[in-house]
Amino acid sequence: MDRERLKYLVSLHSEKHLLVSLYLPLEKGELGEAKLPIRLKNLINEALEAKESWTPEQIHSVEEDLARIERLVAEERVLGSKSIVAFASSPLGLWEVFRPPVRVEKSLAIDHAPRVVPFIALAGQLERYCTVLIDKSRTRIFFLDLGGVEERYDIYGAVPGRHDQGGWAQARYQRHHDDRVMHHLKHTADELLRLRHEEGLQRLLVAGTEELVSQFTDYLHPYLKKCLVATLPLEMAASPKEVQEQALAVAEDLNEREEADLIQKLKGEALSGNLGVIGLEDTLHTWQAGQVLTLLINEDFHAPGRHCSRCGSLTVREGSCPYCGQRLEPLRDVVEELIKRAFLGNTEIKFIAGENKEALAEMGNIGALLRFTA
Ligand SMILES: [Zn+2]
252 MDRERLKYLV SLHSEKHLLV SLYLPLEKGE LGEAKLPIRL KNLINEALEA KESWTPEQIH
312 SVEEDLARIE RLVAEERVLG SKSIVAFASS PLGLWEVFRP PVRVEKSLAI DHAPRVVPFI
372 ALAGQLERYC TVLIDKSRTR IFFLDLGGVE ERYDIYGAVP GRHDQGGWAQ ARYQRHHDDR
432 VMHHLKHTAD ELLRLRHEEG LQRLLVAGTE ELVSQFTDYL HPYLKKCLVA TLPLEMAASP
492 KEVQEQALAV AEDLNEREEA DLIQKLKGEA LSGNLGVIGL EDTLHTWQAG QVLTLLINED
552 FHAPGRHCSR CGSLTVREGS CPYCGQRLEP LRDVVEELIK RAFLGNTEIK FIAGENKEAL
612 AEMGNIGALL RFTA
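In structure tokens:
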């Protein structure tokens, strides 16, 4: 799942056609796997309540898309994925299916644009984690993203076995052996540097013996040393599932700590009137002025607002546009619109979940760290 594909989804909008967006956890949850088709049916029935306002063509295409989704979910139960996310619109030729390795909140939306905000939040949670299993002669490299964990590289170094000869011969073999191990570690470090450029590797996790990991770390480029966030207790023969579980646990922990730090930083900056603002109105205003470096938003925060059809501004004010004077038009969820624009503009967005939510709620559920003050 690359960022460009995600951007395409985020920018999709059709006046004429409807799009179906599904988020469905597949795990044996509180209701049990057997109830999955019923759960989906309930979601569908709720979403179909809006049917009366649709054209016959729209009803036809939505029914087609929903039937395809029902078939997908029936098949998916067998595969044992954790969650499924699907975007469908037959008249637009859209059919995108993702199997994120984490549990999603269930929802089904039928609208003129796909429901992408939960997806953007998921993408942020799983920022290109790379796990490296390393021993003296082999490296396995795994990437974690929205599609789950994927083993991407398997590197074999040419390391000769140890020989049982004594004396000089043994010493020579030993030196040769050590050279080859060093070469293998160096080669792996070089490959990772290449991957950092090509694939946007952001976080690095390494598994191996303590001695080897410490040797390996010495070969890492300073950029990559900064990316190294944890060492994991994994064997070379670990399954992708084991790699995924451990990488996810680290990611969750790390995200939570980072979010707590960011909220503290935001609070300090906002209170001192420096590089931070809190609350929806000020956040929207600094966004318009191009000052925003990082947005912090409670994951379930929504608020109605307005937008200007002339200059495109977003606001919570009423009446005319504070920037150009045009009459404002209502927007069902101004937070959603802000998130989409921020994502398309490559602004960093942190969705706050769990225990950190309370601290941000006290600041109005939203805030921004700024590049510069006005
Ligand atoms: Zn305007």
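Every letter in the sequence shown is one number past the one before it in the numbering used here, and letter 281, counting from 1, is 532.
Glycine is no exception: its CB is placed at the ideal position from the N, C-alpha and C atoms.
(message) Within the continuous alpha helix (DSSP H) that includes Gly519, where are the two ends?
(response) Position 268 of the sequence shown, counting from 1, holds the residue named residue 519. Looking at the DSSP string, the run of the alpha helix (DSSP H) that includes Gly519 is 491 to 522.
(request) Go ahead and label Phe623 buried or exposed: buried means 16 or more other beta carbons lie within 10 angstroms of its beta carbon, across all protein chains shown. (result) Reading the sequence shown from its first residue, position 372 is the one you call residue 623. Counting Cβ neighbours within 10 Å, Phe623 comes out exposed, since fewer than 16 surround it.
(message) Using only the alpha-carbon positions, how far apart do Leu257 and Gln421 sit?
(response) Mapped onto the sequence shown, residue 257 falls at position 6. Mapped onto the sequence shown, residue 421 falls at position 170. The straight-line gap from Cα to Cα measures roughly 56 Å.
(request) Mind listing, in chain order, the continuous beta strand (DSSP E) runs of no fewer than 3 residues lying wholly within the segment 353 to 397? (result) 358 to 362, 380 to 385, 389 to 396
(request) Starting from Phe349, follow the beta strand (DSSP E) in both directions and report where the run begins and ends. (result) Residue mapping note: residue 349 aligns to position 98 of the sequence shown, counting from 1. Its beta strand (DSSP E) spans residues 345 to 349.
(message) What does the alpha-carbon distance come out to for the pair Arg454 and Leu275?
(response) Residue mapping note: residue 454 aligns to position 203 of the sequence shown, counting from 1. Residue mapping note: residue 275 aligns to position 24 of the sequence shown, counting from 1. Whole-angstrom Cα-Cα distance: 28 Å.
(request) Tell me whether His435 is buried or exposed, calling it buried when 16 or more other Cβ atoms sit within 10 Å of its Cβ. (result) What you label residue 435 is simply residue 184 of the sequence shown in a count that begins at 1. Buried: at least 16 other Cβ atoms inside 10 Å.
(request) Provide the residue(s) that pair with Asp469 in DSSP beta bridges, ordered along the chain. (result) Translated into positions along the sequence shown, residue 469 becomes position 218. The partner list for Asp469 (beta bridge, DSSP) is empty, contrary to what the question assumes.
(request) Would you check whether ligand 1 has a heavy atom nearer than 7 Å to the C-beta of Arg578? (result) Taking the first residue of the sequence shown as position 1, residue 578 is located at position 327. No, the beta carbon of Arg578 sits no closer than 7 Å to any heavy atom of ligand 1.
(request) Report the residue ranges of all alpha helix (DSSP H) runs contained in full by the segment 538 to 613; include only those spanning at least 4 residues, in chain order. (result) Taking only runs of at least 4 residues, the alpha helix (DSSP H) segments lying wholly in the segment 538 to 613 are 585 to 595, 608 to 612.
(message) Just to confirm the assignment, what range does the alpha helix (DSSP H) spanning Glu255 have?
(response) Within the sequence shown, the letter at position 4 stands for residue 255. Run containing Glu255: 254 to 262, per the alpha helix (DSSP H) assignment.
(message) Rounded to whole angstroms, what is the Cα-Cα separation between Thr534 and Thr382?
(response) Taking the sequence shown and counting its residues from 1, the one referred to as residue 534 is at position 283. Taking the sequence shown and counting its residues from 1, the one referred to as residue 382 is at position 131. Distance between the alpha carbons of Thr534 and Thr382: 36 Å.
(request) State yes or no: is the C-beta of Gly375 within less than 8 Å of the C-beta of Ile600? (result) By 1-based counting over the sequence shown, the position of residue 375 is 124. By 1-based counting over the sequence shown, the position of residue 600 is 349. It is a contact, given that the beta carbons lie within the stated cut-off.
(message) Please classify Tyr259 as buried or exposed, where buried requires at least 16 neighbouring CB atoms within 10 angstroms.
(response) Here residue 259 refers to the residue found at position 8 of the sequence shown. By the neighbour-count rule (16 or more Cβ atoms within 10 Å), Tyr259 is not buried but exposed.
(request) Kindly indicate which residue of Ile295, Ser332, Glu326 has the alpha-carbon position closest to the one of Glu315. (result) Counted from its first residue, the sequence shown places residue 315 at position 64. For the residues Ile295, Ser332, Glu326, the minimum Cα distance to Glu315 belongs to Ile295.
(message) Under 8 Å, Cβ to Cβ, is there at least one residue of chain B near Glu588?
(response) In the structure shown, chain B cannot be found, because there is only a single protein chain.
(message) Quick check on Asp396: buried or exposed, where buried means 16 or more other Cβ atoms within 10 Å of its Cβ?
(response) Working through the sequence shown from its first residue, we reach residue 396 at position 145. Buried, since its Cβ has 16 or more Cβ neighbours within 10 Å.
(request) Measure the alpha-carbon distance for Thr390 versus Gln497 and round it to whole angstroms. (result) Translated into positions along the sequence shown, residue 390 becomes position 139. Translated into positions along the sequence shown, residue 497 becomes position 246. Distance between the alpha carbons of Thr390 and Gln497 is about 18 Å.
(message) What does the alpha-carbon distance come out to for the pair Val271 and Ile392?
(response) In the sequence shown, the residue the question calls residue 271 occupies position 20. In the sequence shown, the residue the question calls residue 392 occupies position 141. Cα to Cα, Val271 sits roughly 35 Å from Ile392.
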